[in-house]
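Peer 1: The numbering used here numbers the first residue of the sequence shown as 141 and each following residue consecutively. We put the CB at the ideal spot given by N, CA and C, even for glycine. Please read these numbers as outputs of a predicted model, since none were measured by experiment. Dropping the structure in here first, questions after.
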Amino acid sequence: MLGLVAALYDYDCTEAGRRFQLATACEPVSAQVRYYYGFYYLFTVGRYKEAVERQEQARKEDPLNLLSRVQLVPSLRAAGRYADALSELHKVRQLDENFWPLSFLLGIVHASQGNFAEAAPGPLKLQPLRNSFPARSTPIRMEDNT
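What follows is the structure, given as structure tokens:
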């Protein structure tokens with residue numbers, strides 16, 4: 141957790157790396173720690189191959205964690221593994237086709253490959269899903285109190 145704090149809140153990559161090294165030095169290491177280390181540190185500092193390795197290991201240990209699965213996709217994409225990124229997204233679709241990051245990332249991956257016809261439907265599918273968020277379950281009303 142301290143590695144995550146150093147990376148996300150302190151913007152201290154050196155300290156984040158040190159903390160994540162300590163957290164992963166001895167087994168057992170939780171899937172969540174592997175995922176955090178891969179996505180929030182290794183990916184951020186441009187160590188894409190290592191990020192993918194850590195995140196894939198986390199996925200194997202916790203295959204139903206949809207967030208960690210979709211956040212593997214930017215690492216795969218950065219490592220030039222577009223086919224693997226799309227494959228991972230299709231696996232997530234089999235688990236939950238309404239998981240909103242899925243549609244967003246499908247659009248990103250397709251667009252980054254120049255496949256705009258496939259990219260366009262992804263973000264469009266987000267519109268009906270936006271009201272599925274608990275914070276947005278009721279419409280926001282703006283009243284004029286003048």
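Residue 214 and residue 256: beta carbons closer than 8 Å?
Peer 2: It is not a contact, given that the beta carbons lie outside the stated cut-off.
Peer 1: Decide if residue 220 is buried, meaning its Cβ has at least 16 other Cβ atoms within 10 Å, or exposed.
Peer 2: exposed
Peer 1: What span of residues does the alpha helix (DSSP H) with residue 212 cover, start to end?
Peer 2: 212-218
Peer 1: Would DSSP call residue 117 helix, strand or coil?
Peer 2: Because the chain in this structure spans residues 141 to 286, residue 117 falls outside the shown range and cannot be described.
Peer 1: Given this structure, state the Cα-to-Cα distance separating residue 177 from residue 150, to the nearest angstrom.
Peer 2: Each residue's Cα considered, the two are about 15 Å apart.
Peer 1: For residue 191, which option in 179, 239, 147 has the closest C-alpha, if you only look at C-alpha atoms?
Peer 2: 179
Peer 1: Quick one: grab the DSSP three-state call for residue 236.
Peer 2: In the structure shown, residue 236 adopts coil according to DSSP, grouped into three states.
Peer 1: Using a threshold of 8 Å, state whether the C-beta atoms of residue 229 and residue 245 are closer than that.
Peer 2: yes
Peer 1: Please classify residue 168: does DSSP put it in a helix, a strand, or coil?
Peer 2: coil
Peer 1: First and last residue of the alpha helix (DSSP H) that includes residue 192?
Peer 2: 188-201
Peer 1: Is residue 250 closer than 8 Å to residue 237 when the C-beta atoms are compared?
Peer 2: no
Peer 1: According to DSSP, is residue 183 helix, strand or coil?
Peer 2: Here residue 183 sits in coil by DSSP.
Peer 1: Among 232, 202, 174, which residue has its Cα nearest to the Cα of residue 194?
Peer 2: 174
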